[in-house]
């Protein structure tokens, strides 16, 4: 095993990344001062060294589908966070939703919405070996990144925390025993200012330190026209400190503490279609973005939204060479995440409704790994992982001052009568049901919620490699996970109209008040029940049925209760079988079969409803006519209670994969073909008034990934990466859009391409060089969704064609000056669309980021 000396202690540096492993880069460029020890000789070419579970290998030798982006590429391409990483990694997509903290990571078409903290991500994000359980905890700018690895497919045998679709692993530079550092300032359009810096060096002969930080601010891409304020701005900063302690050549400790904050106005929402409700917005004096100028990024809101994120914590990693052939690693971490947002959820200047949400996540993780590097044919990795997380959330929807008038107009009332305070439909309903006058949609709050969840999980995992002859390796891996969640949800729904079921109210009136509850109705003769239900569910007989669309937030059945314990417990054994063979020193092939797992997710939202085995409502939500069920029999049924999804069951992944990796002088090619499926994929969809969590029966994708590098001449490096995906809903009868079985899942591009050209011009023997890079990211035209729950079928599509460029003069004295541009050709596309909130027929969407450009000055010392 290669030893790398660092500092007077002369300790061996081995880095075990529990995944594809650690990577040290050999680049055809001059190394950073603090990184020179970690680089191979320049004449060996563009080689990436991977330390897998038992030995060092080049990336081409590693039998895993993994994309690696170096820290230098991140700098040259001005990739500042994980959101931008998708432009150089075709298998990865990142979707940002209505807040700066709500982002979804998707690999090979699989990913879950992060708009609900009860839903575990299918794509796991690890930073320096520490699992970040929510994407809001992985979005801060990261100075001093060494590399980012994207591992495709389930990785449960090498990562203790299961990730059923893949892993994003961010690795930063550890402290160095040679003093050095970097300071960088960048300025661009939209007054974008980024300042980053780091410093590292020795404290003693056995202790080194590093400090790094960043400040990132930018004016907004859009404007709240009626308020004259920017939206989609940037305002974030981060700081981090590290200690590296090497008391002996065989033992080292890396301690990290970090803190970051985000305080931004997000996000720009435009109108794709202005539906019939737009007239009601205008009637109450509101404005909404024009649908014929979507990419103006002009919006209308009645206040400036706010999103703040505080993310902080620390970790301690200890590595011990117990012998020359056995290494032990321990990673302990504790993290806290505080997320708050205040959002105008109707996305108009009318004062209709506002949502606030305050969330806090505390997590503790402990990982232990033992790896071997024997000379014999057998080597192994054995690990254990413990995860303890606590989530608390307080949220509410506030009724706006114009919501009642807006809904009165939508109900067909004369706008003049409504706006002049004349008695209207809601006044009549209040009188009929005995509600206080002016109470419908006139309470300060529509809902008020308190939710919480505790998640405890542990796992044992490992791999065994058997090499019977040189070059042929058989690998077996396993993971056993036990995951328990305890959750509590409590909600108050204040609107009086939502407390009435119109079918049951009709029956009470039709029977002269003799039938006032389910027991009395069920005691009637069957023929009488049928006759009453036929009349009560006929809109020509029961005119109240036309108002059911205004019952947004009916009474909520709190959990735990006598029927629902508010807990889940899942356990699963997953495994891997793989064979790899070195055909020649330049060519390696592999074939693998792997399974993966992700535990149940909980719908921590006001849209959480009992599962249909616990409760089934009667026709049109009737409690009187509801069939017998545990909740009904326990007397817990509430007016307008519906069945839905308190939680979604586990995801179980299966993937077949074959690959070939080849590296010749100046050329490397990696190809992987796969057939991947997830049983019970946890689908999370917005319905226009809430969110629905469902398990798909089965979703699958077939495809291939190509990753190649060509160095045709000294100084010129060409890369081409492509992913082809052919996805399918093999079974999804219970989606919010109906039966999607046999349908192609939308939002997954068939072809994704990331290609680049980098030319380094050396100015003789001076050490000065000019590095120029251009890259292109393409996603083929694809339907954005399979239809919208309210709007219905549509042909909204997205095609991506992004060109980014940079040119940096890097002087031998450490000074670097450059220019850069992202989305150079100002490509415009809709990232996603959704039903307008309580505005049937309206479709809203998010535009992509416009062209940005600027200059950068960097100094290395």
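Residue numbers (my numbering): 986 to 1846.
Even for Gly, the Cβ is constructed at its ideal location relative to N, Cα and C.
Three-state secondary structure (DSSP) of residue i
i: residue 1750; result: coil
i: residue 1725; result: coil
i: residue 1741; result: strand
i: residue 1786; result: strand
i: residue 1217; result: coil
i: residue 1385; result: coil
i: residue 1844; result: strand
i: residue 1837; result: strand
i: residue 1447; result: strand
i: residue 1735; result: coil
i: residue 1829; result: strand
i: residue 1304; result: strand
i: residue 1403; result: helix
i: residue 1857; result: Outside the shown range of the chain (986 to 1846) lies residue 1857, about which nothing can therefore be said.
i: residue 1617; result: helix
i: residue 1813; result: coil
i: residue 1549; result: coil
i: residue 1038; result: Interpretation of residue 1038 is limited by its pLDDT of 36, a score under 50 that renders its predicted location unreliable; the figure taken from the coordinates is listed afterwards. Three-state DSSP puts residue 1038 in coil, outside helix and strand.
i: residue 1533; result: helix
i: residue 1323; result: strand
i: residue 1638; result: strand
Residues bridged to residue i [DSSP beta-bridge criterion]
i: residue 1157; result: 1130
i: residue 1773; result: 1777
i: residue 1455; result: Looking at the DSSP assignment, residue 1455 forms no beta bridge with any residue, so it has no partner.
i: residue 1046; result: According to DSSP, which records beta bridges pairwise, residue 1046 is partnered with nothing at all.
i: residue 944; result: For the chain, the structure presents residues 986 to 1846; residue 944 sits outside this window and is missing.
i: residue 1793; result: 1756, 1803
i: residue 1850; result: The structure shown does not extend to residue 1850, since the chain is modelled only from 986 to 1846, so the question has no answer here.
Test item: CB-CB of residue i and residue j under 9 Å
i: residue 1606; j: residue 1503; result: no
i: residue 1493; j: residue 1530; result: no
i: residue 1107; j: residue 1636; result: yes
i: residue 1225; j: residue 1128; result: yes
i: residue 1614; j: residue 1541; result: no
i: residue 1285; j: residue 1274; result: yes
i: residue 1254; j: residue 1830; result: yes
i: residue 1150; j: residue 1093; result: yes
i: residue 1280; j: residue 1369; result: no
i: residue 1414; j: residue 1479; result: no
i: residue 1910; j: residue 1525; result: Outside the shown range of the chain (986 to 1846) lies residue 1910, about which nothing can therefore be said.
i: residue 1644; j: residue 1576; result: yes
i: residue 1190; j: residue 1182; result: no
i: residue 1167; j: residue 1783; result: no
Cβ-heavy atom distance, residue i to the ligand HEM, below 8 Å
i: residue 1591; result: Ligands are entirely absent from the displayed structure, and the ligand HEM is therefore not among its contents.
Own chain partners of residue i with C-beta closer than 6 Å, once the 5 adjacent residues on each side are dropped
i: residue 1441; result: 1373, 1469
i: residue 1828; result: 1257, 1258, 1776, 1818
i: residue 1702; result: 1696, 1743
i: residue 1196; result: 1184, 1226
i: residue 1554; result: 1469
i: residue 1841; result: 1171, 1803
i: residue 1228; result: 1194, 1240
Other residues of its chain near residue i: CB distance less than 7 Å, five sequence neighbours each side excluded
i: residue 1456; result: 1566, 1567
i: residue 1393; result: 1403, 1409, 1410, 1411
i: residue 1263; result: 1273, 1827
i: residue 1725; result: 1714, 1717, 1771
i: residue 1522; result: 1488, 1604, 1605
Close beta carbons around residue i, own chain, < 8 Å, minus the five adjacent residues each side
i: residue 1018; result: With a pLDDT of only 32 at residue 1018, under the threshold of 50, the placement of this residue in the model should not be trusted, and no figure is reported.
i: residue 1651; result: 1030, 1695, 1696, 1697
Problem set entry | Touch test, the segment 1130-1149 against the segment 1172-1180, Cβ-Cβ under 8 Å, three pairs minimum | Short answer: they don't touch.
For this session: Answer yes if the segment 1218-1233 comes into contact with the segment 1786-1798, meaning at least three C-beta pairs across the two stretches below 8 Å, and no otherwise.
Result: Judged by Cβ distances under 8 Å, the segment 1786-1798 makes no contact with the segment 1218-1233, as fewer than three pairs qualify.
For this session: Say whether the segment 1453-1466 touches the segment 1557-1574, bearing in mind that this needs 3 or more beta-carbon pairs closer than 8 Å, one atom from each stretch.
Result: In short, these stretches touch, since the Cβ pair count reaches three.
Exercise. If we count Cβ pairs, one from each stretch, closer than 8 Å, do we get three or more for the segment 1797-1812 versus the segment 1507-1517?
Worked result: Contact between the segment 1797-1812 and the segment 1507-1517 is absent, because fewer than three Cβ pairs lie under 8 Å.
Exercise. Should the segment 1079-1086 be called in touch with the segment 1312-1320, which here means at least 3 C-beta pairs below 8 Å?
Worked result: Contact fails: fewer than three Cβ-Cβ distances are below 8 Å.
Exercise. Are at least three pairs of beta-carbons, each pair with one atom in the segment 1430-1446 and one in the segment 1361-1377, less than 8 Å apart?
Worked result: Verdict: yes, contact present.
Exercise. Between the segment 1724-1737 and the segment 1748-1759, do at least 3 Cβ pairs fall closer than 8 Å?
Worked result: The segment 1724-1737 vs the segment 1748-1759: no contact.
Exercise. Using 8 Å as the threshold, is the segment 1718-1728 in touch with the segment 1074-1082, meaning 3 or more CB pairs across them?
Worked result: Not touching, per the Cβ criterion.
Exercise. Would you call the segment 1063-1070 and the segment 1324-1342 in contact, with 3 or more CB pairs under 8 Å?
Worked result: Fewer than three pairs of CB atoms, one per stretch, sit closer than 8 Å, so the segment 1063-1070 makes no contact with the segment 1324-1342.
Exercise. Is the segment 1101-1115 in contact with the segment 1702-1713, if contact means three or more CB pairs nearer than 8 Å?
Worked result: Not touching, per the Cβ criterion.
Exercise. Per the contact definition of three or more C-beta pairs closer than 8 Å, is the segment 1620-1628 in contact with the segment 1662-1669?
Worked result: The segment 1662-1669 vs the segment 1620-1628: no contact.
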